[in-house]
Amino acid sequence: NRALYGLKQSPLLWFKTLKLALEDLGYTSITSCPCVFFKYATTRRNASARPDTLVLILIFVDDLLVATRHADQLQRAKTELHSKFSFTDEGRVHNHLGLEFSYDLDSSNPTLSFSNTTYIERALERFHLTEPRPVATPYAISARSHPPGSEPYTDPARYQAAVGVLIWASITWRWDIAHAVGLAAHKVSTPTQHNWMTVKYIFRYLKGTKDFSIKYTTQPRDLAGLRIYTDADYAGDLMACRSTMGILAQ
């Protein structure tokens, strides 16, 4: 069966085709995340040993990321995929879905870092928010209130687009803005000027922290010094009189 590009059933048919091909190669889809496939394989150096090398394939439409610990197994995975599909090998990933990847593989402690600096900069330019000065927190206490006299925001579509951009940033890796974005998302249908100020405040925070990144190393970390802090406000939601709890790991 073939599907024309652009028809609503085409993505489903493509995924079914891709899934059958990957399962034929020995991969299994993760139940909780169907676009992630995995299998265990052996390296070339230990071909007779029990499969112990994890190979991951992450799918976004027709873009595939292949990840494994050994270069020879990575090449083998690419060769297997070539036997099923014709594709272009872009090499090591540097940009994917708004995330930027950087590597330091020459040191004694190789690292992988990722951030979304360019994504944030483009969002600030898109909504003309490059001028306001940065702030140190994702939202102000006033974001929890709902002033009764606040005027309706004149461009709800712009508000919805801005919240959508922030939601994507919050679910990729900027989890520090997740709570603030959740508050802003409550008002996407009927935003007010006060709500728009809340969204602008989040962008101001991102402007000052756009170069933040997460770094992974190959060295094990000593968890003896791990500290967990937790706290909650008291009826911080002035409308529903509900409390909000937060957890900080350091």
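According to my numbering, the sequence shown holds residues 550 to 799 in order. Ideal placement from N, C-alpha and C gives every residue a C-beta, glycine not left out. Nothing here was measured: the structure is a model prediction, and the numbers come from that model.
| Check | Outcome |
| --- | --- |
| Under 9 angstroms between C-beta atoms of D760 and T666 | yes |
| Nearest-angstrom Cα separation, counted from D780 out to K749 | 26 angstroms |
| Three-state class that DSSP yields for A798 in the structure shown | strand |
| Between the CA atoms of K568 and I554 - distance to the nearest angstrom | According to the sequence shown, residue 554 is Tyr rather than Ile. Distance between the alpha carbons of Y554 and K568: 18 angstroms. |
| Y767, buried or exposed, once every other Cβ within 10 Å from all chains shown has been counted against 16 | Here the sequence assigns Thr to residue 767, which means Tyr is not the residue at that position. Result: exposed. |
| Own chain, CB closer than 6 angstroms to S813, minus 5 neighbours either side, in chain order | Look at the range of the chain in this structure, 550 to 799, and you will see that residue 813 is not part of it. |
| Integer-rounded CB distance, given that L678 should sit under 8 angstroms from F752 | 5 angstroms |
| Beta bridge counterpart(s) of C582 as assigned by DSSP | I579 |
| E700 - containing beta strand (DSSP E), residue span | Element bounds for E700: n/a, residue is neither H nor E. |
| Pair within 9 angstroms by beta-carbon distance, N658 and F650 | no |
| Environment of T628 [buried if 16+ CB atoms lie within 10 Å] | exposed |
| Rounded C-alpha distance that separates S656 from K764 | 14 angstroms |
| Cut-off 6 angstroms between Cβ atoms - residues of its own chain near F676, not counting five sequence neighbours on either side | A711 |
| Nearest candidate by alpha-carbon position, reference D611, set T747, Q622, D638 and V604 | D638 |
| Three or more C-beta pairs below 8 angstroms linking the segment 767 to 777 and the segment 699 to 715 | no |
| Rounded straight-line distance, which links the Cα of M794 to that of Y754 | 21 angstroms |
| Inside the segment 651 to 725 only - beta strand (DSSP E) runs reaching at least 3 residues | 660 to 664 |
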